[in-house]
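Notes for the one structure printed next.
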Amino acid sequence: MNQQNLMRQARKLQEQLAKIQEDLGNEAVTGSAGAGAVEVTLNGHGNVQGIKLRKDAVDPSDVETLEDLILVAFKDAQSKVAALSQARMGPLTGGLGIPGL
Numbered sequence: 020m021n022q023q024n025l026m027r028q029a030r031k032l033q034e035q036l037a038k039i040q041e042d043l044g045n046e047a048v049t050g051s052a053g054a055g056a057v058e059v060t061l062n063g064h065g066n067v068q069g070i071k072l073r074k075d076a077v078d079p080s081d082v083e084t085l086e087d088l089i090l091v092a093f094k095d096a097q098s099k100v101a102a103l104s105q106a107r108m109g110p111l112t113g114g115l116g117i118p119g120l
């Protein structure tokens, strides 16, 4: 394979990765905790899009439990973002697990 073909392939891969990154920003995943009492929605870049709390999850005398539920829901959503990103980019990166992609 000559250098020109290699550069063309690299450019094509870069364009495909950019498209996937753009598409990930338009996707949303939701993590939950407490049997759905707390839901955190992130886009495919990991940015928070929303938080939903069921009324029964809010107990002014037990704020710590609500804080824990929010954290668990956020971590659940983060793991789903990572899985989504890997599913979209894995075929292009050959499963290399390149950081930041």
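The opening residue of the sequence shown carries number 20 in my numbering; numbering runs sequentially from there. Don't be surprised by glycine CBs; every beta carbon is placed ideally from N, CA and C.
- Non-local C-beta neighbours of His64 in its own chain, meaning closer than 7 angstroms and more than five positions away in sequence, comprise Leu43 and Gly44, ordered along the chain.
- If you look at Gly63, you'll find it isn't in any beta strand (DSSP E); DSSP assigns it neither H nor E.
- Using a 10 angstroms sphere on the CB of Glu58, the tally of other CB atoms reaches 16 or more, which defines it as buried.
- With a cutoff of 8 angstroms on beta-carbon distance, Ala102 and Ala76 are scored as not near each other.
- Residue burial is scored here from C-beta neighbours: Val67 has fewer than 16 other C-beta atoms within 10 angstroms and is therefore classed as exposed.
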